[in-house]
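Per numbering that gives the first Met the number 0, residue 0 is the first one in the sequence shown, and the count goes up by one each step. Here the structure is laid out as C-alpha coordinates; the discussion comes afterwards.
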Amino acid sequence: MNSNVENLPPQVLRLVYKEVTALAADPPEGIKIYPSEEDITELHTAIEGPEGTPFAGGVFRMRLVLGKDFPAAPPKGYFLTKIFHPNVGHKGEICVNVLKRDWRAELGLRHVLLTIKCLLIHPNPESALNEEAGRLLLEDYAEYASRARLLTEIHAMGTPGGTSGGPQEPGDGPQPKKHAGDPNKRAAGVGSGSTGTISHGASGGSSSSSGGSSSSSGNSNVVAKKKTDKKRALRRL
0 MNSNVENLPP
10 QVLRLVYKEV
20 TALAADPPEG
30 IKIYPSEEDI
40 TELHTAIEGP
50 EGTPFAGGVF
60 RMRLVLGKDF
70 PAAPPKGYFL
80 TKIFHPNVGH
90 KGEICVNVLK
100 RDWRAELGLR
110 HVLLTIKCLL
120 IHPNPESALN
130 EEAGRLLLED
140 YAEYASRARL
150 LTEIHAMGTP
160 GGTSGGPQEP
170 GDGPQPKKHA
180 GDPNKRAAGV
190 GSGSTGTISH
200 GASGGSSSSS
210 GGSSSSSGNS
220 NVVAKKKTDK
230 KRALRRL
(Lines of atoms letter the chains of each structure in order from A and count residues from 1; the text may use other names and numbers.)
(Lines give C-alpha, C1' and ligand atoms only; values in the text may rest on other atoms or scores of the structure.)
Protein backbone atom coordinates (compact mmCIF):
# COMPACT_ATOMS: atom_id res chain seq x y z
CA MET A 1 0.00 0.00 0.00
CA ASN A 2 1.31 3.44 -0.96
CA SER A 3 2.32 5.96 1.66
CA ASN A 4 -0.11 8.75 2.49
CA VAL A 5 2.49 11.10 3.95
CA GLU A 6 2.15 13.48 1.02
CA ASN A 7 -1.65 13.37 1.21
CA LEU A 8 -1.98 14.39 4.85
CA PRO A 9 -1.84 18.06 5.95
CA PRO A 10 1.28 19.09 7.90
CA GLN A 11 -0.70 19.68 11.11
CA VAL A 12 -2.11 16.14 10.97
CA LEU A 13 1.36 14.69 10.38
CA ARG A 14 2.66 16.59 13.42
CA LEU A 15 -0.14 15.21 15.60
CA VAL A 16 0.45 11.68 14.32
CA TYR A 17 4.20 11.94 14.91
CA LYS A 18 3.59 13.21 18.44
CA GLU A 19 1.16 10.38 19.26
CA VAL A 20 3.35 7.65 17.73
CA THR A 21 6.39 8.94 19.64
CA ALA A 22 4.40 8.85 22.89
CA LEU A 23 3.17 5.32 22.10
CA ALA A 24 6.71 4.08 21.44
CA ALA A 25 7.94 5.60 24.71
CA ASP A 26 5.00 4.33 26.77
CA PRO A 27 3.18 1.54 24.91
CA PRO A 28 0.05 -0.19 26.24
CA GLU A 29 0.72 -3.34 28.26
CA GLY A 30 1.42 -6.34 26.05
CA ILE A 31 1.90 -4.23 22.91
CA LYS A 32 5.15 -3.14 21.26
CA ILE A 33 5.37 -0.28 18.79
CA TYR A 34 7.74 -0.15 15.81
CA PRO A 35 7.42 3.31 14.24
CA SER A 36 8.92 4.10 10.87
CA GLU A 37 10.69 7.41 10.42
CA GLU A 38 10.25 7.13 6.66
CA ASP A 39 6.48 6.52 6.70
CA ILE A 40 4.60 7.71 9.76
CA THR A 41 1.28 6.73 8.14
CA GLU A 42 2.01 2.99 8.60
CA LEU A 43 2.48 1.82 12.16
CA HIS A 44 3.81 -1.69 12.84
CA THR A 45 3.07 -3.30 16.19
CA ALA A 46 3.30 -6.64 17.98
CA ILE A 47 0.54 -7.81 20.33
CA GLU A 48 1.07 -10.52 22.94
CA GLY A 49 -1.68 -13.12 23.06
CA PRO A 50 -3.67 -12.52 26.26
CA GLU A 51 -3.53 -15.16 28.99
CA GLY A 52 -6.57 -17.40 29.25
CA THR A 53 -7.18 -17.33 25.49
CA PRO A 54 -6.15 -19.71 22.67
CA PHE A 55 -3.66 -17.02 21.64
CA ALA A 56 -1.69 -17.03 24.92
CA GLY A 57 2.06 -17.36 24.41
CA GLY A 58 1.94 -16.05 20.86
CA VAL A 59 3.13 -12.72 19.50
CA PHE A 60 1.02 -11.34 16.67
CA ARG A 61 2.45 -8.75 14.31
CA MET A 62 -0.02 -6.15 13.06
CA ARG A 63 -0.02 -2.87 11.19
CA LEU A 64 -2.24 0.21 11.18
CA VAL A 65 -2.48 2.18 7.96
CA LEU A 66 -3.60 5.81 8.09
CA GLY A 67 -5.50 6.81 4.96
CA LYS A 68 -5.49 10.18 3.25
CA ASP A 69 -8.67 11.20 5.13
CA PHE A 70 -7.26 10.43 8.60
CA PRO A 71 -8.31 11.42 11.25
CA ALA A 72 -11.75 12.05 9.80
CA ALA A 73 -11.74 8.43 8.62
CA PRO A 74 -10.48 5.54 10.80
CA PRO A 75 -7.20 3.75 10.12
CA LYS A 76 -7.25 0.27 8.66
CA GLY A 77 -5.84 -2.64 10.65
CA TYR A 78 -4.20 -5.83 9.37
CA PHE A 79 -2.76 -8.84 11.15
CA LEU A 80 0.52 -9.83 9.52
CA THR A 81 0.71 -13.01 11.63
CA LYS A 82 -1.76 -15.69 10.56
CA ILE A 83 -4.50 -16.11 13.17
CA PHE A 84 -7.74 -18.10 13.48
CA HIS A 85 -10.21 -15.50 14.70
CA PRO A 86 -13.79 -14.63 13.71
CA ASN A 87 -13.00 -10.93 13.19
CA VAL A 88 -9.83 -11.39 11.14
CA GLY A 89 -10.14 -12.15 7.43
CA HIS A 90 -7.99 -14.53 5.43
CA LYS A 91 -5.82 -11.63 4.25
CA GLY A 92 -5.38 -10.32 7.79
CA GLU A 93 -7.97 -7.54 7.60
CA ILE A 94 -9.56 -6.67 10.96
CA CYS A 95 -13.27 -6.07 11.50
CA VAL A 96 -13.99 -4.11 14.68
CA ASN A 97 -16.48 -1.33 15.26
CA VAL A 98 -13.89 1.19 16.37
CA LEU A 99 -12.38 0.97 12.89
CA LYS A 100 -15.79 1.51 11.33
CA ARG A 101 -18.97 3.18 12.58
CA ASP A 102 -17.73 3.81 16.13
CA TRP A 103 -14.66 5.74 15.03
CA ARG A 104 -14.16 9.29 16.28
CA ALA A 105 -11.11 11.42 15.54
CA GLU A 106 -10.47 12.10 19.22
CA LEU A 107 -10.13 8.37 20.06
CA GLY A 108 -6.53 8.14 18.91
CA LEU A 109 -4.27 5.22 18.00
CA ARG A 110 -3.78 3.97 21.59
CA HIS A 111 -7.50 3.32 21.87
CA VAL A 112 -7.45 1.43 18.57
CA LEU A 113 -4.61 -0.83 19.70
CA LEU A 114 -6.26 -1.59 23.04
CA THR A 115 -9.55 -2.40 21.30
CA ILE A 116 -7.83 -4.85 18.94
CA LYS A 117 -6.10 -6.52 21.88
CA CYS A 118 -9.47 -6.84 23.65
CA LEU A 119 -10.82 -8.41 20.49
CA LEU A 120 -8.48 -11.35 21.11
CA ILE A 121 -10.16 -11.82 24.49
CA HIS A 122 -13.75 -11.20 23.40
CA PRO A 123 -14.32 -12.10 19.73
CA ASN A 124 -17.52 -10.87 18.09
CA PRO A 125 -19.05 -13.65 15.95
CA GLU A 126 -21.85 -11.34 14.78
CA SER A 127 -19.43 -9.41 12.54
CA ALA A 128 -17.30 -12.32 11.45
CA LEU A 129 -14.93 -12.06 8.51
CA ASN A 130 -13.85 -15.68 9.07
CA GLU A 131 -17.22 -17.44 8.96
CA GLU A 132 -15.85 -20.83 10.00
CA ALA A 133 -14.22 -19.36 13.09
CA GLY A 134 -17.41 -17.50 13.93
CA ARG A 135 -19.54 -20.63 13.55
CA LEU A 136 -17.22 -22.75 15.71
CA LEU A 137 -17.08 -20.04 18.37
CA LEU A 138 -20.87 -20.24 18.71
CA GLU A 139 -21.42 -23.99 18.18
CA ASP A 140 -18.28 -25.75 19.40
CA TYR A 141 -15.95 -23.56 21.46
CA ALA A 142 -13.58 -26.46 22.23
CA GLU A 143 -12.97 -27.02 18.51
CA TYR A 144 -12.61 -23.28 17.91
CA ALA A 145 -10.06 -22.99 20.72
CA SER A 146 -8.17 -26.02 19.43
CA ARG A 147 -7.92 -24.57 15.91
CA ALA A 148 -6.94 -21.15 17.21
CA ARG A 149 -4.31 -22.65 19.52
CA LEU A 150 -2.82 -24.74 16.70
CA LEU A 151 -2.36 -21.73 14.43
CA THR A 152 -0.92 -19.78 17.35
CA GLU A 153 1.69 -22.48 17.95
CA ILE A 154 2.55 -22.71 14.25
CA HIS A 155 2.67 -19.03 13.30
CA ALA A 156 3.02 -16.94 16.47
CA MET A 157 5.55 -18.85 18.59
CA GLY A 158 8.75 -18.58 16.59
CA THR A 159 8.99 -22.02 14.88
CA PRO A 160 6.50 -24.79 14.01
CA GLY A 161 5.18 -26.58 17.09
CA GLY A 162 5.92 -23.64 19.30
CA THR A 163 9.59 -24.47 19.81
CA SER A 164 11.95 -21.58 20.09
CA GLY A 165 15.13 -23.31 19.01
CA GLY A 166 16.58 -23.11 22.51
CA PRO A 167 18.63 -25.75 24.29
CA GLN A 168 17.12 -29.20 24.38
CA GLU A 169 15.73 -30.61 27.58
CA PRO A 170 17.70 -33.52 29.06
CA GLY A 171 15.11 -35.99 27.80
CA ASP A 172 15.10 -34.68 24.23
CA GLY A 173 17.04 -36.18 21.37
CA PRO A 174 18.84 -39.52 21.10
CA GLN A 175 19.90 -41.04 24.39
CA PRO A 176 23.30 -42.72 25.04
CA LYS A 177 23.46 -46.49 25.25
CA LYS A 178 23.03 -48.08 28.62
CA HIS A 179 26.09 -47.63 30.85
CA ALA A 180 27.88 -45.59 28.19
CA GLY A 181 29.44 -42.49 29.63
CA ASP A 182 28.65 -43.49 33.22
CA PRO A 183 31.81 -44.66 35.03
CA ASN A 184 29.85 -45.89 38.03
CA LYS A 185 27.72 -48.21 35.91
CA ARG A 186 30.70 -49.35 33.91
CA ALA A 187 32.54 -50.25 37.12
CA ALA A 188 29.50 -52.11 38.41
CA GLY A 189 29.24 -54.04 35.15
CA VAL A 190 32.87 -55.05 35.24
CA GLY A 191 32.73 -56.05 38.86
CA SER A 192 29.71 -58.32 38.38
CA GLY A 193 29.97 -59.65 34.86
CA SER A 194 33.67 -60.42 34.78
CA THR A 195 34.35 -61.67 38.29
CA GLY A 196 35.42 -65.12 37.14
CA THR A 197 37.87 -63.76 34.63
CA ILE A 198 39.44 -61.46 37.13
CA SER A 199 39.76 -64.15 39.82
CA HIS A 200 41.27 -66.61 37.38
CA GLY A 201 43.68 -64.02 36.10
CA ALA A 202 44.62 -63.09 39.65
CA SER A 203 45.06 -66.72 40.54
CA GLY A 204 47.19 -67.35 37.49
CA GLY A 205 49.14 -64.23 38.23
CA SER A 206 49.61 -65.44 41.81
CA SER A 207 50.88 -68.83 40.62
CA SER A 208 53.15 -67.15 38.18
CA SER A 209 54.32 -64.86 40.89
CA SER A 210 54.86 -67.84 43.19
CA GLY A 211 56.80 -69.63 40.47
CA GLY A 212 58.74 -66.50 39.93
CA SER A 213 59.59 -66.41 43.65
CA SER A 214 60.86 -70.03 43.57
CA SER A 215 62.91 -69.29 40.49
CA SER A 216 64.31 -66.19 42.12
CA SER A 217 65.18 -68.19 45.27
CA GLY A 218 66.98 -70.81 43.22
CA ASN A 219 69.01 -68.20 41.39
CA SER A 220 70.05 -66.64 44.69
CA ASN A 221 71.36 -70.02 45.94
CA VAL A 222 73.42 -70.52 42.79
CA VAL A 223 74.97 -67.06 43.08
CA ALA A 224 75.80 -67.63 46.78
CA LYS A 225 77.41 -71.01 45.98
CA LYS A 226 79.54 -69.42 43.23
CA LYS A 227 80.74 -66.78 45.66
CA THR A 228 81.67 -69.42 48.22
CA ASP A 229 83.58 -71.44 45.63
CA LYS A 230 85.37 -68.30 44.51
CA LYS A 231 86.46 -67.55 48.09
CA ARG A 232 87.74 -71.07 48.56
CA ALA A 233 89.77 -70.80 45.36
CA LEU A 234 91.32 -67.54 46.51
CA ARG A 235 92.34 -69.10 49.82
CA ARG A 236 94.12 -71.87 47.99
CA LEU A 237 96.21 -69.27 46.22
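Even for Gly, the Cβ is constructed at its ideal location relative to N, Cα and C.
Legend entry - Same chain only: Cβ atoms within 7 Å of A127, ignoring 5 sequence neighbours per side: Residue numbering aside, residue 127 sits at position 128 when the sequence shown is read from its first letter. Excluding sequence neighbours, A127 sits near P85, N86, G133.
Inset, instruction - Starting from the C-beta of L79, find all residues in its chain whose C-beta is less than 7 Å away, skip the five residues before and the five after it, and write them out in chain order. - result: Taking the sequence shown and counting its residues from 1, one reaches residue 79 at position 80. Only R60, M61, R62, G91 meet the Cβ criterion.
Inset, instruction - Taking only the alpha-carbon atoms, compute the straight-line gap between N96 and W102 and give it to the nearest angstrom. - result: Taking the sequence shown and counting its residues from 1, the one referred to as residue 96 is at position 97. Taking the sequence shown and counting its residues from 1, the one referred to as residue 102 is at position 103. Taking the straight line joining both Cα atoms gives about 7 Å.
Inset, instruction - From the DSSP output, in three-state form, read off R13 for me. - result: Within the sequence shown, the letter at position 14 stands for residue 13. In the structure shown, R13 sits in a helix (DSSP, three-state: H, G or I).
Inset, instruction - Give the DSSP bridge partners of Y77, in chain order. - result: Position 78 of the sequence shown, counted from the start, is the residue given in the question as residue 77. DSSP lists R62, E92 as partners of Y77.
Legend entry - Sub-9 Å separation of V4 and L12 beta-carbons: Sequence index remark: in the sequence shown, residue 4 carries index 5 (1-based). Sequence index remark: in the sequence shown, residue 12 carries index 13 (1-based). Closer than 9 Å, so yes.
Legend entry - Three-state secondary structure (DSSP) of T40: For the purposes of this step, residue 40 is taken as residue 41 along the sequence shown, with counting starting at 1. Residue state, collapsed to three classes: coil.
Inset, instruction - Give a yes or no on whether the C-beta atoms belonging to T40 and F69 are separated by under 9 Å. - result: The residue you call residue 40 lines up with position 41 of the sequence shown. The residue you call residue 69 lines up with position 70 of the sequence shown. At a Cβ-Cβ threshold of 9 Å, T40 and F69 count as neighbours.
Legend entry - 9 Å Cβ cutoff met for G107 and E18: What you label residue 107 is simply residue 108 of the sequence shown in a count that begins at 1. What you label residue 18 is simply residue 19 of the sequence shown in a count that begins at 1. Cβ atoms of G107 and E18: closer than 9 Å.
Legend entry - Per DSSP, cross-strand counterpart(s) of I46: Along the sequence shown, read from residue 1 onward, the residue named residue 46 stands at position 47. I46 is bridged to I30, F59.
Inset, instruction - Taking M156 and G51 to be in contact with their CB atoms under 8 Å, please state how far apart those CB atoms are, rounded to whole angstroms. - result: Taking the sequence shown and counting its residues from 1, one reaches residue 156 at position 157. Taking the sequence shown and counting its residues from 1, one reaches residue 51 at position 52. M156 to G51, Cβ: 17 Å. No contact.
Legend entry - P8 burial status per 10 Å Cβ neighbour count (16 or more: buried): As a working mapping, residue 8 is identified with position 9 in the sequence shown. Result: exposed.
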